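Visitor: Protein chains in written order, with our numbering: chain R, -16 to 150; chain G, -16 to 150.
#1: So residue 17/G contacts chain R; which residues on that side make the cut at Cβ distance below 8 Å?
#2: Is there a Cβ from chain R that is less than 8 Å from the Cβ of residue 143/G?
#3: Using a Cβ-Cβ cutoff of 9 Å, what residues of the region 80 to 94 of chain G are near chain R? List them in chain order.
#4: Give the interface partners of residue 24/G over in chain R, defined as CB-CB distance under 7 Å, in chain order.
#5: Quick one: residues in its chain with C-beta nearer than 8 Å to the C-beta of residue 70/G, no 5 flanking neighbours on either side, listed in chain order?
#6: Alpha carbon to alpha carbon, how far is residue 129/G from residue 131/R? Give it in angstroms, no decimals.
#7: Please check if any C-beta of chain G sits within less than 8 Å of the C-beta of residue -4/R.
#8: Quick one: which chain G residues come within Cβ less than 9 Å of residue 137/R?
#9: Can you name the residues that DSSP bridges to residue 88/G?
#10: What does the alpha-carbon distance come out to for the pair residue 3/R and residue 55/G?
#11: Return the CA-CA distance between residue 111/R and residue 140/R, expressed in angstroms with no decimal places.
#12: Would you tell me roughly how many angstroms separate the C-alpha atoms of residue 18/R and residue 80/R, rounded to the nearest one?
#13: Since residue 134/R meets chain G, which of its residues come closer than 7 Å, beta carbon to beta carbon?
#14: Could you work out which residue in 30/G, 65/G, 48/G is closest to residue 6/G when comparing CA atoms only?
#15: Judging by CA-CA distance, which residue of 22/G, 77/G, 75/G, 102/G is the nearest neighbour of residue 133/G?
#16: Taking 8 Å as the threshold (beta carbon to beta carbon), is residue 127/R in contact with chain G?
#17: I'd like to know whether the C-beta atoms of residue 9/R and residue 72/R end up nearer to each other than 8 Å.
#18: If you follow the alpha helix (DSSP H) that residue -4/R is part of, which residue opens it and which one closes it?
#19: Let's test the definition: count the other Cβ atoms within 10 Å of the Cβ of residue 28/R and tell me whether it reaches 16, buried, or not, exposed.
#20: I believe residue 86/R touches residue 135/R by the beta-carbon criterion, under 8 Å. Please report the beta-carbon distance rounded to the nearest angstrom.
#21: For the beta strand (DSSP E) containing residue 137/R, list its first residue and its last residue.
#22: So for residue 16/R, helix, strand or coil by DSSP?
#23: Can you tell me where the alpha helix (DSSP H) holding residue 125/R begins and where it ends?
#24: How about residue 76/R and residue 138/R: do their beta carbons lie closer than 8 Å?
#25: By Cβ distance below 6 Å, which residues in the same chain neighbour residue -6/R in space, the five residues on each side in sequence not counted?
#26: Considering only residues of the same chain and omitting the five flanking positions on each side of residue 58/G, which have a CB-CB separation below 6 Å?
#27: Do the CB positions of residue 127/R and residue 88/G come within less than 8 Å of each other?
#28: Report the three-state DSSP secondary structure of residue 104/G (helix, strand or coil).
Pasting the structure below:
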């Protein structure tokens, strides 16, 4: 068994616009990454593919190029905002940790699994209910899929609900 | 967000007779539990319920009481051996960590989820393919089920395969 703790670990946190993934990031910074560690934190944001937006149209018509450009702009803005929010959390929780941010296009399930493989990630950290319920209908459970397909350890973090029922 | 790292964390590791869960335990000791931490490691072994053995009979006949007694004895011996193996790993990896062992009867999915809830566990650690493929046919994927149902963060650890294909 390789002693992962002794080397510099590459910890990938999959982030999205939902609060749960940023909670997962915070939890990871508090519980997995120790102060003065040599870990590298990789923040990964996956921009959902065009097919998802097309499917959301629901009329069967393709969007015009104007609408697509607007959607792309919106999508880039969201990515920037999410990454900035995540970087801020990293600075607040552990200012020493080395942070890399990546934005990739594609189905989050594929993007996450491929990036984990490509970068030789040691731990994948995710929220359990990322990507909102509408997208989840199309994409399926991202965390579920990744937990089954990546080879490295996967940490799935749920944001505790104040006092609402478990459903 | 609660600062879990600052308090004494209760980390539950679900163990079984497979090597993967013991690998998950080792990984957890190296990567999650820091030296001199106040964490308590709870080793949980779930003895599969009688129904599973009955189902394995496959003839439709119930086992006699003699056979059941032998099976129960075997099942207790397995539990003892697994717990002892796990305790040894704990001693080797981190002799300071406080360890509690529990053996519970029942479907591992229910046992794990209920124990996590009852003990107010902060992190659940599991191998991804526990309980062997035969039992998995009856029980379904334990890690998958628990990841969906427990409220605390779940760490799923896969034992790397030497160089066999991903299937």
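Note that the Cβ used here is the ideal one computed from N, Cα and C, for glycine as well. For clarity, every value in this text was computed on a predicted model and none was experimentally measured.
Guide: Quick answer:
#1: 17
#2: yes
#3: none
#4: Under the 7 Å cutoff, chain R gives no residues; its nearest Cβ is about 14 Å from residue 24/G.
#5: 26, 82, 84
#6: 13 Å
#7: no
#8: 111, 130, 137, 138, 139, 140, 141
#9: 30/G
#10: 43 Å
#11: 6 Å
#12: 8 Å
#13: 141, 143
#14: 65/G
#15: 102/G
#16: yes
#17: yes
#18: Unbroken run through residue -4/R is the beta strand (DSSP E), -7 to -2; no alpha helix (DSSP H).
#19: buried
#20: The Cβ separation is near 21 Å, so there is no contact.
#21: 137 to 140
#22: coil
#23: 125 to 132
#24: no
#25: 22, 24, 106
#26: 30
#27: no
#28: coil
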